[in-house]
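*Asks:* So the sequence shown is numbered by our numbering: it starts at 3 and just counts up by one. First the structure, then my questions, so here it is.
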Amino acid sequence: MEENCALEVLVVTRRENKGNRDPRNIARLEADEQEGCAKRGHLQPPFSADISPPTMLGLTPTLCWDCSIQPFLLTFTFFIFVLQLGLVKMTDGKEDPAVFTTTCLPSDQRLLATVTNAYLGTRVYRDILHVNGVYNGAVGDTHRADVPSPLNVRMTVPGADSLAETFTLNTRTGTFSHVLQSTDYTATHQIYAHHSLVHLMAFSITIRQSAHTGQPITVQLQTPFVPKSQDLDLHQGPDFQGAHYVYGTTLVPEVEGGPQPTVHMLWTPVPQDLTLCGEEQERSWEFLTAVAESEEEVKRSYSEGLALIASGSLHSSHIHAWDALWQGCCIDLDGPLPLRQALYGCLYYLLSAIPPRDNPGFLFHGISPGGLSNGTQGEDYWGHVFWDQDTWVFPNILLFYPEAARAILEYRIRMLEGALRNAEEQGYKDQKLFREDGGWKLVGAVAQYWCSRMVWSEEEQCYHIRGVMPPDEYHYQVDNSAYTNALAQRSLRFAADIAQDLLIPVPEEWVECANKIKVPFDMEKKYHPEYDGYSPDEPVKQADVVLLGFPLMHSMSPEVRRNDLEMYEPVTDVNGPAMTWSMFAVGWLELKEMQRAQSQLNKCFSNITEPFKIWVENSDGSGAVNFLTGMGGFLQAVLFGYTGFRPRWISLWITKTSLLFNPSCPDDVHKLKVTGVSYLGNKLKFTITKEEMRIEVSESPLDPPALPLEAVLEESGQRFPLGEGHSISFPTVAGWIQRSPTKAH
């Protein structure tokens with residue numbers, strides 16, 4: 003074994019211690035701008051909003067709905083427990099829903115667990131990793147640049163007999179583990195992407211003797227790693243503190259003359275084998291990979307990792323970061339184990355994608371449907387960012403971590419200039435009025451864009467939006483998509499409200515367009531046709547009109563809400579995208595139809611694969627994998643469906659007015675706990691049963707001071723002051739949380 007080829011830490015441990023979204027169609031579709039969205043492969047016309055390619059926005063002349071602005075070491079005892087029982091148990095004897103263990107890996111490599119932070123991501127045992135914001139290829143060929151991964155290492159013990167083998171994803175610690183155990187020793191391989199030190203990924207090998215045989219124990223490390231890439235012009239640099247070093251730029255800019263991102267990578271060389279001497283009881287070897295956009299940053303990050311290894315705290319600092327995440331954000335319930343596992347899995351994969359709470363020190367480039375672990379050329383929409391982020395992922399993040407939600411919005415704001423250019427090149431109204439910085443710039447530009455897309459119909463005496471593709475991608479070049487038009491209306495009214503708050507004159511055009519835009523409605527059948535000319539029973543690809551009720555909260559009676567659900571549920575493609583059935587479930591929960599809601603939510607489980615709860619886009623296994631879009635929709639069904647959380651009055655998820663609640667849990671969910679809801683600077687914990695609801699203010703910062711809150715019950719009007727460290731309880735009924743007119747005691 004080479005000297006200095008690994009960083010060794012001696013640890014003494016005593017026994018008591020599918021379809022038309024296929025990106026392969028991009029090149030063909032881009033040749034005809036009226037028949038394709040170059041980034042998703044959708045057949046479509048000029049679209050009803052514009053949003054970005056990954057690194058520069060607005061380069062695609064025709065955009066569809068999916069391109070919308072729509073917005074360290076586990077103890078020996080633990081592993082013995084795992085291996086003896088074949089699964090992970092909690093102290094009460096129940097299976098831990100947050101830990102996924104298997105004795106064999108899935109044959110489909112796409113379904114392996116992912117280890118990701120907001121800057122770096124990979125699938126375990128994959129030969130590439132990806133870097134936030136680093137893309138290669140021109141225009142329609144743009145995709146996440148493949149970076150060779152030093153983490154692709156397999157641990158084996160050749161010639162060993164009767165080895166027990168397990169693979170575990172622990173979502174509580176953000177760590178993947180591979181364990182080999184004999185009667186004489188246990189060998190553990192752990193892999194993780196450091197959550198708070200986002201430029202670092204690491205793995206460790208730990209060998210521990212179970213019996214003092216006096217014989218050395220050797221494990222072999224198999225790695226196909228070669229520091230070459232099809233997307234980067236990599237050059238070898240001088241070694242740094244025992245690490246190898248490569249650097250280089252992407253081969254092809256997205257647009258001619260555009261930037262070509264640079265990648266710098268340092269990694270600990272991996273030997274062919276590691277040996278625990280006979281007189282040793284246990285030893286760990288740590289291997290670091292650091293990736294950054296500059297030589298200075300990559301060396302600083304690698305040195306920081308070395309210092310943490312020297313102090314024995316690299317992995318523990320990663321675990322601490324994940325512990326803080328879970329303390330501030332958790333959904334659990336007394337109910338079916340598969341549901342609990344699904345919730346922990348969804349939260350793990352989504353939380354893996356968000357920036358750490360402290361200043362991340364890099365520009366965040368959004369969340370793509372397959373996350374950072376995916377997006378190479380030809381897979382998972384090539385790593386581009388779509389309306390999936392804003393519609394399906396963002397609401398969950400906002401409810402728990404407004405700081406991370408802010409990073410998503412800031413990404414959109416940075417990309418706005420390209421969208422403005424795109425709109426102007428398509429002949430829509432110039433938005434120079436909104437070229438000042440900040441959120442208002444985005445809100446105002448969106449409002450102005452919608453006005454530019456509207457035309458007046460003399461016949462119907464209302465505004466139309468023509469030639470769009472709605473969320474239902476089976477139809478395009480349609481006029482007056484109900485969802486598109488309702489979204490435009492809400493965007494305009496929201497912009498007008500914000501303008502008033504900021505004491506900015508509200509353009510009369512915004513008010514008139516909002517008040518007079520057509521949202522198709524069949525007065526006889528009392529439902530919303532998907533678009534002008536839609537025929538009942540016509541097949542629909544995915545959730546479309548049902549999104550009017552949620553998340554848009556478009557005003558309608560319970561009768562109309564029911565009719566929309568009953569009209570579109572039987573005609574929606576059973577093999578459509580994973581997020582669809584969550585939205586039907588939310589609708590039925592609103593109407594207190596528990597069995598119908600549960601039947602819809604149960605359909606989502608056909609998109610969840612074993613053993614690591616990776617979602618696939620379509621139930622037949624096709625489409626994107628690690629499908630964060632579907633996970634986001636599923637979480638919304640619980641976070642907003644089971645609880646009834648809604649904002650009052652305006653189109654923000656949590657507003658300055660109030661946060662409504664109206665719980666509706668299915669019969670097999672006996673208790674629901676939602677921890678870490680952020681509202682007006684406070685952190686709230688909700689515990690809901692069928693008989694009682696309890697609300698606690700778990701955190702109320704003093705600098706700056708959070709606003710005092712109270713709970714109000716809808717029917718009785720009874721008020722309950724909410725103070726930090728105190729909880730209130732009342733029968734499970736509808737009500738809301740609002741700012742208290744007086745400070746809570």
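Glycine included, C-beta positions come from ideal geometry on N, C-alpha and C.
Tell me the rounded alpha-carbon separation between Glu712 and Gln597.
*Replies:* Counting from 1 along the sequence shown, the entry for residue 712 is found at position 710. Counting from 1 along the sequence shown, the entry for residue 597 is found at position 595. Cα to Cα, the separation comes out at about 33 Å.
*Asks:* Which of helix, strand or coil does DSSP assign to Val272?
*Replies:* By 1-based counting over the sequence shown, the position of residue 272 is 270. Three-state DSSP puts Val272 in coil, outside helix and strand.
*Asks:* Would you identify the three-state DSSP class for Arg156, choosing helix, strand or coil?
*Replies:* Indexing the sequence shown from 1 puts residue 156 at position 154. In the structure shown, Arg156 sits in a strand (DSSP, three-state: E or B).
*Asks:* I'd like to check one pair, Val542 with His530: are the Cβ atoms closer than 8 Å?
*Replies:* For the purposes of this step, residue 530 is identified with residue 528 of the sequence shown, where counting begins at 1. For the purposes of this step, residue 542 is identified with residue 540 of the sequence shown, where counting begins at 1. For His530 and Val542, no; Cβs fall outside 8 Å.
*Asks:* For Lys685, which residues does DSSP report across the bridge?
*Replies:* Residue 685 sits at position 683 when you count from the first residue of the sequence shown. Answer is Ser680 and Glu701, bridged to Lys685.
*Asks:* Since I believe Gly250 is in contact with Val265 (beta carbons under 8 Å), could you give me their beta-carbon distance rounded to a whole number of angstroms?
*Replies:* The sequence position of residue 265 within the sequence shown is 263, counting from 1. The sequence position of residue 250 within the sequence shown is 248, counting from 1. Correct: roughly 6 Å between the Cβ atoms.
*Asks:* List, from N- to C-terminal side, the alpha helix (DSSP H) runs of 4 residues or more that fit wholly inside the segment 288 to 359.
*Replies:* Every alpha helix (DSSP H) stretch that sits fully inside the segment 288 to 359 and reaches 4 residues is listed by chain position as 297 to 312, 316 to 329 and 339 to 353.
*Asks:* How far does the beta strand (DSSP E) with Arg210 in it extend, from its first residue to its last?
*Replies:* Against the sequence shown, residue 210 aligns to sequence position 208. Per DSSP, Arg210 belongs to the beta strand (DSSP E) from Leu202 to Gln211.
*Asks:* Taking the alpha-carbon positions, what's the Leu550 to Arg455 distance?
*Replies:* Mapped onto the sequence shown, residue 550 falls at position 548. Mapped onto the sequence shown, residue 455 falls at position 453. Looking at the two C-alpha atoms, the distance is approximately 20 Å.
*Asks:* Entirely within the segment 359 to 408 and at least 3 residues each: give me those beta strand (DSSP E) ranges in chain order.
*Replies:* none
*Asks:* Between Asp336, Leu637, Thr252 and Asn664, which lies nearest to Arg650 when the distance is taken from Cα to Cα?
*Replies:* Within the sequence shown, residue 650 is the residue found at index 648, counting from 1. The residue with the shortest Cα to Cα distance from Arg650 is Asn664.
*Asks:* State the DSSP-derived secondary structure class of Asn604, mapped to helix, strand or coil.
*Replies:* Indexing the sequence shown from 1 puts residue 604 at position 602. Correct three-state label for Asn604: helix.
*Asks:* Which two residues bound the contiguous alpha helix (DSSP H) that contains Ile467?
*Replies:* Your numbering for residue 467 matches position 465 in the sequence shown. Ile467 -> not in any alpha helix (DSSP H); beta strand (DSSP E) instead, spanning Cys464 to Ile467.
*Asks:* Classify Gly123: buried if its beta carbon has 16 or more other beta carbons within 10 angstroms, exposed otherwise.
*Replies:* Position 121 of the sequence shown holds residue 123. Buried: at least 16 other Cβ atoms inside 10 Å.
*Asks:* Can you tell me the Cα-Cα spacing of Ala449 and Ile193, whole angstroms?
*Replies:* Here residue 449 refers to the residue found at position 447 of the sequence shown. Here residue 193 refers to the residue found at position 191 of the sequence shown. Rounded to whole angstroms, Ala449 to Ile193 spans 46 Å at the Cα level.
*Asks:* Can you name the start and end residues of the beta strand (DSSP E) that Ile730 belongs to?
*Replies:* The residue given as residue 730 occupies position 728 in the sequence shown. If you look at Ile730, you'll find it in the beta strand (DSSP E) that goes Ser729 to Pro733.
*Asks:* At the level of alpha carbons, what is the spacing between Ser313 and Thr105?
*Replies:* For the purposes of this step, residue 313 is taken as the residue at position 311 of the sequence shown. For the purposes of this step, residue 105 is taken as the residue at position 103 of the sequence shown. Each residue's Cα considered, the two are about 33 Å apart.
*Asks:* Which same chain residues, not among the five before or five after His237, have their C-beta less than 7 Å away from its C-beta?
*Replies:* For this step, residue 237 is matched to residue 235 along the sequence shown. The residues are Val248, Tyr249 and Gly250.
*Asks:* When you compare the CB positions of Trp637 and Asn376, do they come within less than 8 Å of one another, or not?
*Replies:* On the sequence shown, residue 637 is found 635 positions in, with the first residue counted as 1. On the sequence shown, residue 376 is found 374 positions in, with the first residue counted as 1. The question names Trp, yet the displayed sequence has Leu at residue 637. In this structure, Asn376 does not lie closer than 8 Å to Leu637 by Cβ.
*Asks:* Just the C-alpha distance for Leu591 and Ser666, rounded to the nearest angstrom, thanks.
*Replies:* Within the sequence shown, numbered from 1, the residue matching residue 591 stands at position 589. Within the sequence shown, numbered from 1, the residue matching residue 666 stands at position 664. When rounded, the distance between both Cα atoms is 6 Å.
*Asks:* Rank Ile730, Gln183 and Glu701 by C-alpha distance to the C-alpha of Ala213 and give the top, closest one.
*Replies:* As a working mapping, residue 213 is identified with position 211 in the sequence shown. If we check each option's Cα against that of Ala213, Gln183 comes out closest.
*Asks:* Using only the alpha-carbon positions, how far apart do Glu167 and Ser354 sit?
*Replies:* Here residue 167 refers to the residue found at position 165 of the sequence shown. Here residue 354 refers to the residue found at position 352 of the sequence shown. Answer to the nearest angstrom: the Cα atoms are 26 Å apart.
*Asks:* With Asp382 and Ala626 assumed to form a contact (beta carbons below 8 Å), what rounded beta-carbon distance in angstroms separates them?
*Replies:* Taking the sequence shown and counting its residues from 1, one reaches residue 382 at position 380. Taking the sequence shown and counting its residues from 1, one reaches residue 626 at position 624. The pair is a contact, with the Cβ atoms about 4 Å apart (cut-off 8 Å).
*Asks:* Measure the C-alpha to C-alpha separation of Cys606 and Val513 and round it to an integer number of angstroms.
*Replies:* Here residue 606 refers to the residue found at position 604 of the sequence shown. Here residue 513 refers to the residue found at position 511 of the sequence shown. Spanning the two alpha carbons is a distance of roughly 40 Å.
*Asks:* Looking at the strands, I want to know which residues DSSP matches up with Phe722.
*Replies:* Within the sequence shown, numbered from 1, the residue matching residue 722 stands at position 720. DSSP output for Phe722 lists Ala713 as bridge partner(s).
*Asks:* What is the residue span of the alpha helix (DSSP H) that Pro560 lies within?
*Replies:* Looking up residue 560 in the sequence shown gives position 558. Pro560 -> alpha helix (DSSP H) spans Pro560 to Tyr570.
*Asks:* Look at Val714 and Gln740 and say whether their C-beta atoms are less than 8 Å apart.
*Replies:* As a working mapping, residue 714 is identified with position 712 in the sequence shown. As a working mapping, residue 740 is identified with position 738 in the sequence shown. Their beta carbons are under 8 Å apart, which means Val714 touches Gln740 by this criterion.
*Asks:* In the DSSP assignment, find the unbroken beta strand (DSSP E) run with Val748 in it and report its ends.
*Replies:* Here the chain covers residues 3 to 747 and nothing more, so residue 748 does not appear.
*Asks:* Kindly list the residues whose CB is nearer than 6 Å to the CB of Trp324, restricted to its own chain and excluding five residues on each side of it in sequence; keep chain order.
*Replies:* By 1-based counting over the sequence shown, the position of residue 324 is 322. Same-chain partners within the cutoff: Thr175, Gly176 and His197.
*Asks:* Locate the alpha helix (DSSP H) running through Tyr485, then write down its first and last residues.
*Replies:* As a first step, residue 485 is located in the sequence shown; it is residue number 483 there, counting from the start. For Tyr485, the enclosing alpha helix (DSSP H) begins and ends at Ala484 to Asp503.
*Asks:* What are the start and end residues of the alpha helix (DSSP H) that includes Ala449?
*Replies:* Numbered from its first residue, the sequence shown carries residue 449 at position 447. Ala449 -> alpha helix (DSSP H) spans Gly441 to Arg455.
*Asks:* Taking Cβ positions, are Asp148 and Pro226 nearer each other than 8 Å?
*Replies:* Looking up residue 148 in the sequence shown gives position 146. Looking up residue 226 in the sequence shown gives position 224. No.
*Asks:* For a test of the three-state rule: what should DSSP assign to Ala739, helix, strand or coil?
*Replies:* In the sequence shown, residue 739 corresponds to position 737, counting from 1. In the sequence as displayed, the identity of residue 739 is Ile instead of Ala. Strand, per DSSP.
*Asks:* Check the DSSP bridge columns for Ala195 and list the partner residues they point to.
*Replies:* If you number the sequence shown from 1, residue 195 lands on position 193. DSSP lists Met203 as partners of Ala195.
*Asks:* Kindly give me the distance between the Cβ atoms of Leu107 and Phe205, rounded to whole angstroms, as I take these residues to be in contact under 8 Å.
*Replies:* As a position in the sequence shown, residue 107 is number 105, starting the count at 1. As a position in the sequence shown, residue 205 is number 203, starting the count at 1. Not quite, the Cβ-Cβ distance comes to about 16 Å (not below 8 Å), so this is no contact.
*Asks:* Just the Cα atoms here: how many angstroms apart are Trp738 and Leu662?
*Replies:* Reading the sequence shown from its first residue, position 736 is the one you call residue 738. Reading the sequence shown from its first residue, position 660 is the one you call residue 662. Approximately 4 Å between the Cα atoms of the pair.
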